[in-house]
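Numbering-wise (my numbering), the sequence shown opens with residue 11 and increments by one.
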Amino acid sequence: MLKKLKIFLSYISPFVTNRASEYNGNLKIMLVNGKKVLNTKDANYSFASLHRIMRFALTQTGFDSREDILLLWLGGWSVIDLIRNEFHLPNTIRAVDIDPVIIEVARQEFALDSYADVEIICQDAYNFVQETPKKHGLIIIDLFINNTVPEKFYDDIFWENIFRILSPTGRIIFNTMTKTTKGELFGTIITRLKTVGFQVEVHDKVDFTNSMILAKRR
Ligand SMILES: C[S@@+](CC[C@H](N)C(=O)[O-])C[C@H]1O[C@@H](n2cnc3c(N)ncnc32)[C@H](O)[C@@H]1O
């Protein structure tokens, strides 16, 4: 009853729970208009604009193989909800996030464990891609601290490892926020992908805020 009342009242004024995180600063879990979303100071981490952005990317990518999916980030995991409930893909999902608080919030506030065949790894994605032997059919890279992608995720070592753990027919989705991304860094990824034989699509102003690279091996 209380839960239903809270959902009803959230249409009048949002309910906000704050969680402090060493990596992501203040995390705001908001119940607004009957829906829970996860925000940081300057960015939506899940179930609002990011949900729309990832729905666009998954639709554009047209991924339908049964190979494993690697998510480099977890956030509030709204993409797992999309993959399972909208795109109806049963694939094994591996999600890597550096922040134990994010993983705890995803479990406590967003019922992450209600999904089957989802492996959660608490690790720096930069190290994970260097260590894992597993191959993936789709790799979604959405690594942000607040509204900025850490620069190490533009470097050679990271991308060499991404290519190593991507299957021969694999696809990549790389998400950034247009206003906080240095154009030349974004450009280096496009050049790198084309140089090693990927077909590359660039989508700017996705949901008015994000720039995305969609790539697949030729
Ligand atoms: C925008 S959120 C991802 C939201 C997600 N796309 C979703 O659908 O809910 C960015 C995530 O990247 C994680 N992150 C940032 N740096 C990282 C790193 N070095 N290794 C792993 N995860 C990292 C943050 O903890 C945060 O959870």
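Every residue, glycine too, gets a C-beta built ideally from N, C-alpha and C.
{"Asked": "Contact check, residue 79 vs residue 149, beta carbons under 9 Å", "Found": "yes"}
{"Asked": "Cβ-Cβ distance between residue 152 and residue 131 below 9 Å", "Found": "no"}
{"Asked": "Residue 76 versus 157, 97, 101, 96, residue with shortest Cα-Cα distance", "Found": "101"}
{"Asked": "Under the three-state DSSP convention, the category residue 244 falls into", "Found": "With the chain represented from 11 up to 228, any question about residue 244 goes unanswered, as that position is not in the structure."}
{"Asked": "Straight-line Cα distance separating residue 91 from residue 123", "Found": "12 Å"}
{"Asked": "Contact under 9 Å by Cβ, residue 64 with residue 89", "Found": "yes"}
{"Asked": "C-alpha distance - residue 205 paired with residue 182, whole-angstrom precision", "Found": "15 Å"}
{"Asked": "Same chain, Cβ closer than 7 Å to residue 117, neighbours up to 5 away in sequence not counted", "Found": "123"}
{"Asked": "beta-carbon residue 160 near ligand 1 non-hydrogen atom, thresh 8 Å", "Found": "yes"}
{"Asked": "Alpha-carbon to alpha-carbon, residue 223 and residue 212", "Found": "5 Å"}
{"Asked": "Three-way DSSP call (helix, strand, coil) for residue 36 in this model", "Found": "strand"}
{"Asked": "Heavy atom of ligand 1 within 8 Å of residue 152 beta-carbon", "Found": "yes"}
{"Asked": "Residues of its chain near residue 134, where Cβ-Cβ distance is below 7 Å and the 5 sequence neighbours each way are ignored", "Found": "108"}
{"Asked": "Endpoints, the beta strand (DSSP E) within which residue 105 is located", "Found": "103-107"}
{"Asked": "Residue burial classification, residue 56 (beta-carbon count within 10 angstroms, cutoff 16)", "Found": "buried"}
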